[in-house]
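The structure appears below as structure tokens.
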Amino acid sequence: MTLTRRKTLALIGGGTLFAAGAGGGLILTRAPRTADAPWGLAGTYDDPRLRALSYAILAPNPHNRQPWMVDLSRPETAVLYVDTSRLLPHTDPFSRQITIGLGCFLEVLRMAALEDGLAVSFDLFPDGADAAALDGRPVAVCRFAPTGASPDPLFAQVLHRRSLKEPFDETRPVPDSALPPLIAAAIHGTRVGASVAPDSIAEMRALSHEALRIEIETPRTYRESVDLFRIGAREVDANPDGIDFTGPVFEGLAAAGLFTRQSALDPDSTAYRQGLAAVFANTDTAMGHIWQVTAANTRADQIAAGRDWVRINLAATALGLGLQPLSQALQEYPEMAAPRADIHRRLAPEGGTVQMWARLGYGPDVAPSPRWPVEAKLLES
Ligand SMILES: Cc1cc2nc3c(=O)[nH]c(=O)nc-3n(C[C@H](O)[C@H](O)[C@H](O)COP(=O)(O)O)c2cc1C
1301 MTLTRRKTLA LIGGGTLFAA GAGGGLILTR APRTADAPWG LAGTYDDPRL RALSYAILAP
1361 NPHNRQPWMV DLSRPETAVL YVDTSRLLPH TDPFSRQITI GLGCFLEVLR MAALEDGLAV
1421 SFDLFPDGAD AAALDGRPVA VCRFAPTGAS PDPLFAQVLH RRSLKEPFDE TRPVPDSALP
1481 PLIAAAIHGT RVGASVAPDS IAEMRALSHE ALRIEIETPR TYRESVDLFR IGAREVDANP
1541 DGIDFTGPVF EGLAAAGLFT RQSALDPDST AYRQGLAAVF ANTDTAMGHI WQVTAANTRA
1601 DQIAAGRDWV RINLAATALG LGLQPLSQAL QEYPEMAAPR ADIHRRLAPE GGTVQMWARL
1661 GYGPDVAPSP RWPVEAKLLE S
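Quick look at the structure:
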């Protein structure tokens, strides 16, 4: 979540080292051992469905909850379900964002299967869907069939794609010429807008900063994030999801008792103040913004938004451009009503739902985020 985290990760490069804890003692710190293994295992499975799924689990998704579950019991078919124990009821009360993440998953699945000469057709919510809540009904029945269609060039970026949660380089403007390829990457019917104009950057920095402040100062929405903090390599390996903090600095702070889920909740603590400064360093260094709007807001629209979102993220990766979603102002809980109305007035003046809003810029290379292995996401048949 912070510059320190990512820099530290890069520094230790997956190795082991000793760091002095804030308490003065020497403590052993290490990088996670298993949490990033799925990035190396992608594509190594015999069953073509599993091979495609091993890439799909690398898709972006809110708070890295990885809420997907898949049934492979029928031949040439994968049935996608949502794990309803992995929703975000406070910040995502209607599971709109969770559904977008499932759309990202399906698009990566489609691209990966195409590499094997397989087309995937999706029957979305075949037993119906509730606009207010996701439930145990299937999200998509995915059928695999041979095709002569060409692979998707964006697939080459799947292993390199990141959500870049670091400050961007304010000395490197994003050129206007970067925007058309990002907008063109959306092929599933969502309307994409983007701007790198200085006035717009300044206004959107302020709006995203304010929305983040509201989320953090609203106890139940902030707590939803803090409950998902994985602090240190041991916790990240045990639960490779949520919001991960690893590397010597965090291990040291945690060992000294200065960074715990409890201290992060205490507004008077150093952990809270530094956390706030770190997230504002992100909103406040946006060098451009990009957003997606859908005319309606059905579950199918949200899936389409996800499919286009991951494509935009992959197109940005191909350009060496960093991108981080700024979802706070889009969220549907009462305390966020004013920023939500404001962003809709600006980005969807003719109506519709802003599904994604993100900042653009150039930032450091970062390690991939943790993932559960694909095997952990298969339903028993
Ligand atoms: C619908 C959606 C909303 C997201 N919102 C945010 C956000 O507000 N802030 C953020 O830093 N990342 C956000 N993300 C990115 C996820 O945190 C990220 O995909 C996840 O942690 C996995 O990391 P990765 O994308 O680098 O693989 C969002 C992703 C999706 C799909």
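Just so we're aligned: the sequence shown equals residues 1301 to 1681 in our numbering. Virtual Cβ for every residue (Gly too), placed ideally from N, Cα, C. The model shown is predicted, which means the values in this text are computed figures rather than measured ones.
Could you check if residue 1495 is buried or exposed, using at least 16 other CB atoms within 10 Å of its CB as the buried criterion?
Residue 1495 is buried by the Cβ-count criterion.
Taking buried to mean at least 16 other C-beta atoms within 10 Å of its own C-beta, is residue 1395 buried or exposed?
Burial call: buried.
Just to confirm the assignment, what range does the beta strand (DSSP E) spanning residue 1594 have?
First-last of the beta strand (DSSP E) with residue 1594: 1589–1594.
Tell me whether residue 1355 sits in a helix, a strand or coil according to DSSP, three-state version.
Helix.
Kindly provide the ranges of any alpha helix (DSSP H) runs that are 4 or more residues long and lie completely inside the segment 1515–1603, ordered along the chain.
The qualifying runs are 1519–1526, 1533–1538, 1548–1555, 1561–1565 and 1570–1583.
Near ligand 1, which residues have their beta-carbon less than 7 Å from any of its heavy atoms, given in chain order?
Spelled out in chain order, the answer is 1358, 1360, 1361, 1362, 1363, 1364, 1397, 1400, 1401, 1404, 1461, 1462, 1463, 1465, 1606, 1609, 1624, 1625, 1626, 1627, 1628, 1656, 1668 and 1669.
Can you tell me whether residue 1450 is helix, strand or coil according to DSSP?
DSSP places residue 1450 in coil when its eight states are reduced to three.
Is it right to say residue 1599 is buried, meaning 16 or more other beta carbons lie within 10 angstroms of its own, or is it exposed?
Buried, by the Cβ-count rule.
DSSP state of residue 1667, grouped into three classes?
If DSSP states are grouped into helix, strand and coil, residue 1667 belongs with coil.
Which first and last residues belong to the beta strand (DSSP E) in which residue 1657 is found?
Element bounds for residue 1657: 1653–1661.
Is the CB-CB distance between residue 1455 and residue 1587 below 7 Å?
Against a cut-off of 7 Å, the Cβ pair of residue 1587 and residue 1455 comes out as no contact.
Measure the C-alpha to C-alpha separation of residue 1623 and residue 1583 and round it to an integer number of angstroms.
Their backbone Cα atoms lie some 11 Å apart in a straight line.
Do the segment 1506–1517 and the segment 1604–1612 make contact, defined as three or more Cβ pairs closer than 8 Å?
No contact exists between the segment 1506–1517 and the segment 1604–1612.
Classify residue 1649: buried if its beta carbon has 16 or more other beta carbons within 10 angstroms, exposed otherwise.
Exposed, by the Cβ-count rule.
Which value, in whole angstroms, describes the spacing of the CA atoms of residue 1280 and residue 1510?
Absent from the model: residue 1280. The displayed extent of the chain is 1301 to 1681, so no value can be given.
With 16 as the cutoff for other CB atoms within 10 Å, does residue 1604 come out buried or exposed?
Its Cβ being crowded by 16 or more others within 10 Å, residue 1604 is buried.
Just the Cα atoms here: how many angstroms apart are residue 1680 and residue 1350?
In a straight line, the C-alpha of residue 1680 is about 14 Å away from that of residue 1350.
From residue 1571 to residue 1559, what distance separates their C-alpha atoms?
Straight-line Cα distance between these residues: approximately 6 Å.
Would you kindly check if the distance between the Cβ of residue 1442 and the Cβ of residue 1378 is under 7 Å?
For residue 1378 and residue 1442, yes; Cβs fall inside 7 Å.
From the DSSP output, which residues share a beta bridge with residue 1441?
According to DSSP, residue 1441 bridges with 1379 and 1423.
Relative to the alpha-carbon of residue 1363, which residue among 1382, 1386, 1356 and 1370 has its alpha-carbon at the smallest distance?
The shortest C-alpha separation from residue 1363 is found at 1386.
Please return the same chain residues whose Cβ sits closer than 8 Å to the Cβ of residue 1543, not counting the five positions on each side in sequence.
If we look at residue 1543 and ignore the five residues flanking it on each side, its Cβ neighbours are 1301, 1363, 1364, 1525, 1528, 1529 and 1530.
Check each candidate in 1634, 1470 and 1461 and name the one with the smallest Cα separation from residue 1247.
No answer is possible for residue 1247: the residues shown for the chain start at 1301 and end at 1681.
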